[in-house]
Each structure stands twice: as structure tokens, then as C-alpha cells.
Amino acid sequence: MANRLIHETSPYLLQHAENPVDWYAWGEEALQRAKQDDKPILLSVGYSACHWCHVMAHESFEDPATAAVMNELFINIKVDREERPDIDSLYMAAVQAMTRHGGWPMTVFLTPDGAPFYGGTYFPPEPRHNMPSFQQVLHGVAEAYRDRREEVFQSAEQMREHLEDILSFDLEQVKLSKSQLNVAAQRQMSQFDSRFGGYGGAPKFPQALIFGMVLRTWLRSDDQDALNQVTQTLQAMANGGMYDQLGGGFARYSVDAQWLVPHFEKMLYDNALLSQLYLETYQATHEPFYRRIAEESINYILRDMTSPDGGFYAAEDADSEGEEGKFYVWSVAEIQQLLSPEDAALAQLYWNIQPEGNFEGHTILYVPQDPSVVAKELSISEADLAQRIAAIRATLLAQRNTRIRPGRDEKILASWNGMMLRSLAFAANVLDNADYRAAAIRNAEFITSKLYQNGQLYRSYKDGQAKFKGYLEDYACVADGMLALYEATFDLRWLQVAIELAESMTERFWDAQQRSFFDTASDHEQLITRPRDLYDNATPAGNSVAVDVLLRLATLLDRYEYRQYAETVLANLSGALLQLPGAFGRLLAAADFALAEPREVALIGDPADPAFKALLQATYRNYQPNKVVAACRPDDQAAQQLIPLLAERPLLNQQATAYVCVRRACKLPTNDPNQLINQLG
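Note that the numbering used here has the sequence shown beginning at 283, numbered continuously upward.
Structure (C-alpha cells):
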């Protein structure tokens with residue numbers, strides 16, 4: 283018998299649609315039922331690619347005895363955290379306050395009006411490791427709600443006040459400067475793992491936003507150590523098991539400190555953020571390695587994670603056939619059966635495939651030594667080695683594709699698509715790749731036709747339905763992607779969408795009292811308090827991206843009011859930025875833009891002209907994140923009217939021409955790509 287979740291589109295909720303639990307989706311029906319029956323709410327939050335969510339579902343939610351207790355004592359609500367980041371962040375803050383840790387699955391007990399009074403994460407079916415069983419928790423909470431009602435409601439009220447306190451902040455403010463940004467970067471860089479790369483120990487996360495900030499530190503202050511931290515980490519991640527050595531793309535994180543054993547789920551946002559970072563590092567170093575990893579990661583998304591109409595899917599699961607990582611691991615016997623003896627020996631050496639394995643008796647492919655060492659050991663050239671490995675990789679990938687794949691979460695989320703759109707459009711320019719540009723345009727057309735309707739951006743799309751009013755992060759990330767696509771196509775329609783979204787952000791999300799943006803719009807559903815998440819985590823906070831986008835639009839369009847919003851947020855969070863740089867990677871990058879003198883690049887000519895293309899390639903040859911780029915034909919009045927940077931820019935020598943300006947003061951126009959590179963600095 284299916285429960286109510288059978289009518290949902292979320293793959294995570296549908297995974298629970300045949301549980302014996304009487305699940306509700308979050309909504310007025312469930313909340314009214316809790317009040318009517320005077321029962322506490324059991325709120326369970328997770329996501330489709332979450333391994334421990336699957337474990338708890340199998341152990342408890344599929345168990346008729348446990349489900350009977352849940353149904354008798356609680357109103358049970360299941361939430362996909364990726365669809366409802368507002369609910370997730372609000373109640374995660376409560377769980378962290380109660381238990382000093384968080385994670386998924388998240389289990390929170392609420393009063394009928396939604397105030398949390400007890401919570402945790404995973405609960406086992408039997409008592410173990412000093413943890414009570416889930417049924418013990420259920421009975422204990424229900425008993426407290428029945429017999430100690432006053433205590434429960436007092437605790438809930440205290441937690442409500444705590445959530446309001448942490449969402450309304452009074453932080454120290456300092457005057458930001460480039461030297462202050464360097465101090466903040468050094469504070470973060472002091473935590474570097476000089477042996478394996480990355481920050482901290484196991485489990486180790488990719489932290490693309492922090493390394494993006496560190497890469498800017500290298501550019502700003504010529505700090506070679508900053509560049510070394512980025513390159514060492516990016517090499518270690520891409521050579522480790524956290525990177526899919528056959529199909530491209532990164533897993534969510536490494537369970538160990540040396541990037542070997544991944545948590546095998548693959549998320550769209552990680553690959554969006556990391557492909558951008560690898561491309562930027564390629565610009566900084568011109569090392570082909572970083573370009574290859576970026577291309578392979580993007581190609582993975584386009585091959586395996588793109589819907590027929592151009593949207594990008596959310597995630598791939600860690601599990602297949604009920605086992606974590608089964609799809610990805612290999613044995614010596616499989617390698618020897620598929621390859622010639624010579625190629626099998628090469629594969630075993632290159633990826634260190636041993637009979638005992640490195641993961642539960644099997645081998646996760648990784649590259650433990652530099653290819654030059656392998657080539658020398660085999661007395662072949664590095665080019666020959668690369669050619670042979672590419673052929674072996676193709677053989678193994680073809681065989682792997684015959685296996686049962688992990689589950690794929692096919693919902694399409696606005697903010698994550700905005701991040702991938704940004705990376706794809708950026709890649710189109712850096713790599714001069716027409717296929718990437720075309721894929722970016724298809725994605726933008728998908729967003730504007732399916733997720734953006736009558737001025738309202740929606741969060742999620744699946745099975746023909748756009749659902750949930752968009753959050754700040756959706757508006758900001760999609761605007762960011764549209765702005766990047768404008769710079770890759772110079773089609774004004776994408777810039778117009780970015781402007782519309784920016785206007786919505788400032789009108790509907792701004793909080794004048796706290797001088798920052800709320801996560802939810804003024805017309806959004808009212809929760810127990812209006813959420814505002816200021817910290818960058820695995821994905822950038824909505825405030826961080828909003829500040830970055832508004833600064834770029836202000837520079838491009840000469841819109842001072844956009845800059846005012848951005849500088850207000852930066853000033854308000856200035857003390858926290860310097861004290862907690864690891865929590866503000868993207869916002870520190872935006873602060874770097876605000877304190878720099880961004881290059882304003884105007885390209886005049888026909889975008890199809892090879893001379894124009896040469897100037898565009900020169901614009902993106904080197905790492906120069908603090909710039910905006912606009913272009914038009916000499917007679918394009920609409921572009922010149924919208925973008926002051928383009929006005930009154932005649933062609934030089936009747937050829938494609940570049941103007942490099944700072945605060946509208948321009949250097950001499952040039953037709954020469956090399957001179958343009960020099961002017962950009």
C-alpha cells in the first residue's frame with residue numbers, strides 16, 4: 283500500500299512512498315492534522331543520494347513494527363532537503379544546538395505549531411555505541427509530550443528564541459582592505475594538510491569555494507604558497523579515488539585524509555564548482571592537467587546528468603544493488619579478463635590494482651604516482667602512456683556501463699543549474715568550445731521556459747511540474763549563470779534575465795534592519811522564523827552569490843544602487859569574514875572583487891569574425907577573475923543603451939577592437955590580442 287508520498291515528484295520522497303509509515307509531505311494538511319489530533323510531529327529530512335538515509339529507511343521506516351509506533355504516536359512528515367533548503371537549514375540549526383552535531387538523515391520532533399524540542403540524526407534499530415534505539419527515542423519523546431507537556435513547550439519556546447537570535451546577528455564590523463583579506467586567507471591557509479592537500483583531516487571535503495578564495499590570494503599578493511596549496515590539492519583530488527578515473531566527475535567527499543575512498547554519491551553542485559575551479563587553475567598555470575580534469579567533469583555532466591531538454595539532474599546515488607560503491611570498484615580478475623596481458627599489467631601498475639584491494643576486497647581506481655614515473659618504469663614516453671591509458675579507460679568504461687547504475691535523482695534544481703550554467707559558459711570562453719556554449723544556451727532556455735514563469739522563479743522541476751517558490755540562492759545562482767552566459771554569447775536576453783532576477787532579490791529578499799538578504803522572499807510560506815543562512819557550505823550561501831552578482835552587474839551596467847546593496851552586506855559581515863574565512867569562501871571572493879579595480883572589457887565587432895574571436899580568447903587566456911566583459915556590433919543601439927561600457931566605442935582600423943577600462947577610464951583601443959593580454963595585466 284502506497285502512502286501519500288506517491289503523489290510527490292521528489293525521488294527522495296518517492297523512495298519512501300511504499301513505507302508502512304503514514305507519511306505526509308510538508309504542508310498545511312500535516313500541520314493541521316497535528317493540531318487536530320494533538321500529536322507531536324516527527325520531521326524526517328534527507329535526500330535521495332544519502333547512504334545513511336537509505337540505511338535508516340531500511341532498518342526503521344520499512345519495518346512494520348517501527349512504523350506502527352510512528353503512526354500511533356506522531357504525525358510523520360518527510361522532507362527532501364534539496365527541495366526545501368529553508369526547512370532543512372532552520373531545523374538543522376536546532377539539531378546542532380541540541381546535539382552539537384548535524385547531518386542526514388535528520389530526525390526532529392516538533393510541537394504541532396512547528397517548534398522543535400528534540401532531535402538528532404541517524405538512530406539505529408537497536409541500542410548501540412551509546413545511542414538509544416529509534417523505538418526507544420519514539421516512546422521517550424511521546425511520553426515526554428504526554429506527561430511533561432509544560433517542559434516540552436518551554437523547551438520548544440527556548441529553541442524558537444534561540445533560532446531567532448542566531449538569525450538576527452550583531453557582528454563586529456571592520457574596514458575591509460586587501461591586507462585584511464590577506465590576513466584572513468593566511469588564517470585559513472594555516473590549516474593546510476601539507477602531506478595530502480586540503481584543509482583538516484578525515485572526512486575531507488573538496489571545499490571549492492575556499493580554494494577559489496585562496497587562488498585569488500595568489501593573484502592579489504603574489505603568494506606562491508597560496509598557489510601551491512591550490513595545485514597540490516587539485517592534483518591530489520583528481521588522482522585519488524574521489525575522482526572517477528574512468529567516467530570523470532567528483533564524488534561528494536573522501537572518507538579518509540588522502541582522497542582515496544570516496545563517499546560515492548556524485549552531486550551536480552560539486553562538479554559545477556570544481557570544474558570552474560580547475561578551469562581557473564588552468565588559466566593560472568596553463569598546465570593541461572587542470573584543463574583535462576575540468577573537461578572530463580563537464581563531459582560527465584553532459585553525458586550522464588543532463589535531461590533531454592537541457593536541464594541538469596541533481597545527483598547520482600552512492601549505492602547500487604544495495605551496496606555502496608559497487609558500480610565503481612574493480613578486481614584483478616576483471617581487469618585481466620577484459621584486457622590483454624600487457625594492458626592488464628599496465629592498468630594494474632597505473633591504478634595500483636592489487637589482489638587484496640583497497641576497499642572491502644575490491645579496488646577503487648586511483649593514480650598513486652606521477653605518470654612520468656610509470657612511463658619511465660615501462661621505458662615508454664609519457665605521450666605513449668597517455669594514449670594507452672586512454673584506450674584502456676575506454677574499454678573499462680564500456681564494461682562498467684553494462685553494470686547496474688546507481689540511482690539518479692532526476693529533479694532539476696534552479697540554484698544547482700545556475701552553478702553549472704556558470705561553469706559551462708565560463709568553459710565555453712576559456713576553452714573556445716562551441717559544444718559547451720550550445721549546452722549552456724540549452725540549459726538557459728530550459729530554465730527560462732520551465733522554472734521561470736511570470737517573474738517567479740521556481741526551485742524544482744520534475745515530471746513536467748515546477749514546484750516551490752525559489753529561494754535567494756535560486757535567484758542569485760541563476761542570475762550568476764545568466765550573467766556568465768551573456769559573457770559567453772553577448773546575447774542581451776540572458777543579461778535581461780540576470781537583471782530581472784537581481785531586481786527581485788533586492789525587492790523581495792532584502793532585510794533593511796539586518797542589512798542582508800533573507801533566504802525566503804517576502805511572499806513565501808511563513809515558518810517559525812524567517813530563515814537566513816549566511817555561511818558558505820558545500821554550496822555558496824545565497825547572500826554570497828547575491829553580493830557577487832550585484833557587484834558585477836553594478837560594474838557592467840553602472841548601477842550604483844546594486845553596489846550599495848553588496849557593500850552593505852560586506853560591511854555588515856566584515857568582522858565575521860576575517861575571523862571565519864573558511865565559512866565565507868565565496869563572500870571573500872566577492873570582497874576581493876569589491877576591493878579590486880575590476881577590468882571592464884568592451885569588445886566591438888562581429889562575434890563570428892575570427893579577429894573578434896581572437897580578442898575574446900585573449901580576454902580569457904589568463905586568470906583574471908575581477909573583470910566584466912561586454913560586446914556588440916558597432917551599430918547595436920540596444921546593447922549600447924543598456925550597457926554604458928559599450929557606448930561610443932568606434933572600431934579601430936575598421937577591425938574588431940578591444941577597450942580595457944577601469945572605472946570607465948580606458949586604455950588605448952587595440953586590435954592586437956597580445957596587447958589586450960598585456961592591458962588586462
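Every residue gets a Cβ at the ideal spot worked out from N, C-alpha and C, and that includes glycine.
Spanning the alpha carbons of Leu832 and Leu695 requires a straight line of approximately 22 angstroms. For Asp319, DSSP records no beta bridge to any residue.
For Met524, the three-state secondary structure derived from DSSP is coil. Nearest to Glu807 by C-alpha distance, out of Gly752, Ser826, Met701, Leu859, is Gly752.
Apart from sequence neighbours up to five positions away, the residues of its chain that approach Tyr572 with a beta-carbon distance below 6 angstroms are Tyr560, Thr563, Tyr564, ordered along the chain. Looking at the DSSP output, Asn358 shares a beta bridge with Trp305, Leu324. In this structure, Pro544 lies away from Gly529, with their beta-carbon atoms at least 8 angstroms apart. Non-local beta-carbon contacts of Phe435 in its own chain, meaning distances under 7 angstroms to residues more than five positions away in sequence, involve Thr393 in chain order. For Pro398, the enclosing beta strand (DSSP E) covers residues 398-402. In this structure, the alpha-carbon of Pro932 lies about 22 angstroms from that of Ala770. Within its own chain, the residues whose Cβ lies closer than 6 angstroms to the Cβ of Ile810, once the five positions on either side in sequence are excluded, are Gly396, Ala397, Arg442, listed in chain order.
The C-beta of Ala947 has fewer than 16 other C-beta atoms within 10 Å across all chains shown, which makes the residue exposed.
Bounds of the alpha helix (DSSP H) holding Met471 are 460-471.
Distance from the CA of Ser663 to the CA of Arg670, rounded to the nearest whole angstrom, comes to 11 angstroms. Rounded to whole angstroms, the gap between the alpha carbons of Asp429 and Gln418 is 16 angstroms.
In the assembly as shown, Leu950 is an exposed residue. Its beta-carbon has fewer than 16 other beta-carbons within 10 Å.
When C-beta atoms of the stretch 289-308 are compared with those of the stretch 743-761, three or more pairs fall below 8 angstroms, so the two segments count as touching. Setting aside the 5 residues that flank it on each side, Asp756 is surrounded in the same chain by Ala696, Ser697, Leu739, Arg741, each with a C-beta closer than 6 angstroms to its C-beta; the list follows chain order. Counting of Cβ neighbours within 10 angstroms places Leu453 among the exposed residues, the total staying below 16.
DSSP places Arg812 outside any alpha helix (DSSP H), giving it a letter other than H or E. Under the three-state reduction of DSSP, Pro544 is assigned to strand. According to the DSSP assignment, Ser437 belongs to no beta strand (DSSP E) but to the alpha helix (DSSP H) extending over 431-449. Exposed is the label assigned to Pro623, since fewer than 16 other Cβ atoms lie within 10 Å of its Cβ. By alpha-carbon distance to Gln681, the top candidate from Glu616, Asn711, Asn634, Ala726 is Glu616.
The C-beta distance from Asp830 to Arg881 rounds to 16 angstroms, too long to meet the 8 angstroms contact threshold. Going by beta carbons, Ala379 and His333 fall outside the 8 angstroms limit. With contact defined as three or more Cβ pairs closer than 8 angstroms, the stretch 463-477 and the stretch 845-852 are not in contact. When DSSP states are grouped into helix, strand and coil, Ile369 belongs to the helix group. Beta-bridge annotation (DSSP): His644 is paired with Phe641.
The shortest C-alpha to C-alpha distance from Leu860 to any of Trp612, Lys457, Gln899, Gln936 is the one to Lys457. With contacts defined as CB atoms closer than 8 angstroms, Val537 and Ala484 qualify as a contacting pair. Looking at the DSSP output, Leu695 bridges to Ser742.
Assignment of Glu606 by DSSP, reduced to helix, strand and coil, places it in the strand class. Sequence-distant Cβ neighbours of Asp368 in its own chain, meaning closer than 7 angstroms and more than five residues away, are Tyr753, Asp801, Thr802, Leu809, Pro813.
At least 8 angstroms separates the beta-carbon of Leu621 from that of Thr567. Exposure of Ser459 is indicated by the presence of fewer than 16 other C-beta atoms within 10 angstroms of its C-beta.
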